[in-house]
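Report on the following structure.
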Amino acid sequence: MAVKSTIFGGVVLSGQEAETFRRQVVYGRPKKAAAESARKGDRLRAEFDKTGRVLVRGRDSK
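Numbering (this note's numbering), first residue to last: 6 to 67.
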């Protein structure tokens with residue numbers, strides 16, 4: 006396995022891991038939680054574009 010990263014955040018996959026990742030990106034199906042998170046992010050971005058600010062509230066995770 007060849008996964009390389011730097012302090013600047015770049016990640017490089019090579020070999021079979023790179024091919025597996027590419028197939029997952031092209032053909033994979035997102036989980037419901039990931040899709041919902043993306044929708045929430047889109048709403049926050051739209052609100053930010055409209056008003057220039059957003060309110061993000063934390064919650065306890067139990």
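We put the CB at the ideal spot given by N, CA and C, even for glycine.
In this structure, DSSP gives Val30 a helical state, which the three-state scheme calls helix.
Bounds of the alpha helix (DSSP H) holding Leu49 are Lys37 to Thr56. Following the DSSP letters along the chain, one finds Val61 in no beta strand (DSSP E), marked with neither H nor E.
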